[in-house]
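Engineer: Just add 76 to the spot in the sequence shown (first one is 1) and you have my numbering. Idealized CB from N, CA, C, for every residue including glycine. These numbers come from a predicted model, not from an experiment. Pasting a structure here, questions to come.
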Amino acid sequence: MSRRPVTELAADGLPPLRAVIEEHGLAARKSLGQNFLLDLNLTGRIARTAGDLGRYTVIEVGPGPGGLTRALLTHGAKRVIAIERDERCLPALAQIAAHYPGRLEIVQGDALTTDFEALASTVPTRIVANLPYNVGTELLTGWLEAEPWPPYYDSLTLMFQREVAERIVAAPGHSAYGRLGVLSGWRTHASIAFDVPPQAFWPPPKVTSSVVHLEPRREPLNARAEAISRVTRHAFGQRRKMLRQSLKPLGGATLLDKAGIDGTRRAETLTIDEFCRLANSL
Ligand code: SAM
């Protein structure tokens, strides 16, 4: 019986991802949201969704064993800066960096405390990531609330759990419409590019995932980031209550009158323009 030699390489000239994971002992850790993509066709599709990468520095959060990182590089990213918290992944990532001299920089650290704008410097930047599910929304919120606007990045191409993706693109009145939908719609054009089934990952998560692509509005709806952040936090913090109740800490009826919004309405019925009016009335 013939066995496939372990040295057989993938199309990019590097070892297959399963072999990389085995060689470096990268057993997935749940606490780090580790669900690795092993299919280079799929990671290629994510890289293509990000658009033309030839003149871009791509910032990737959580490269893990490097499946998406490799796709970004083979799809022509000028440079990739990858931020990884798990130091066990560093030797595998170093192999990729050696394969693409001068094009991959690895930063070991926590993306939640990383200054992305400083990493981007002044070069055209796109952010692409298969995000750890436990910090994904916090990272997205930070990117959406960036100041000044338009931001330092030209697009975000991000994998989330399908349920989170639906919240990002939800319109007013939809059950998934909430703080994330307001912040995304206020500052970006966001759409779900495609779904990814659990079996595409190792280990497979319990739910379907989706890739979301967000492009910053060049002329965002007018509201200060800090104000819209505060208003949406209160309004959706008690989403079943009338706004005159949920917005009491911010002025309640007085604030709503100033913004010309009926205080008996609930947060999920307000358009993004109306949230901007509330924010501007604070
Ligand atoms: N990009 C790889 C892929 O697609 O196969 C791995 C994606 S996995 C869903 C998430 C990755 O983010 C893991 O490698 C994990 O170690 C890393 N990670 C988790 N929390 C992080 C944090 N706070 N900062 C940076 N990386 C983090």
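1. Would you report the Cα separation of L234 and A126, rounded to the nearest angstrom?
2. Compute the Euclidean distance between the alpha carbons of K317 and A355, then round it to the nearest angstrom.
3. State the start and end residues of the unbroken beta strand (DSSP E) segment that holds Q184.
4. Would you call T345 buried or exposed, if buried means 16 or more other Cβ atoms sit within 10 Å of its Cβ?
5. Once DSSP output is grouped into helix, strand and coil, what is the label at Q237?
6. Tell me where the beta strand (DSSP E) around G292 begins and ends.
7. Could you check if N210 is buried or exposed, using at least 16 other CB atoms within 10 Å of its CB as the buried criterion?
8. For D191, name the three-state secondary structure that DSSP assigns.
9. Output yes or no for whether 7 Å exceeds the beta carbon distance between Y228 and T201.
10. How many angstroms separate the CA atom of I172 from the CA atom of L332?
11. Which residue wins for smallest C-alpha separation from R124, given the options P141, T145 and S285?
12. Quick check: what's the CA-CA separation for L216 versus V272?
Structural biologist: In brief:
1. Rounded to the nearest whole angstrom, the CA to CA distance from L234 to A126 is 9 Å.
2. Per the coordinates, the alpha-carbon of K317 lies some 19 Å from the alpha-carbon of A355.
3. First-last of the beta strand (DSSP E) with Q184: L180 to Q184.
4. Taking all protein chains in view, the Cβ of T345 is surrounded by fewer than 16 other Cβ atoms within 10 Å, so the residue is classified as exposed.
5. Three-state result, Q237: strand.
6. Position check: residue 292 holds Pro in this sequence, whereas Gly was assumed. Element bounds for P292: S285 to P292.
7. Per the 10 Å Cβ criterion, exposed.
8. Three-state result, D191: coil.
9. Yes; because the gap between Cβ atoms is below 7 Å, this pair is in contact.
10. When rounded, the separation of the alpha-carbon atoms in I172 and L332 is 55 Å.
11. The shortest C-alpha separation from R124 is found at T145.
12. If you draw a straight line from the Cα of L216 to the Cα of V272, it comes to about 19 Å.
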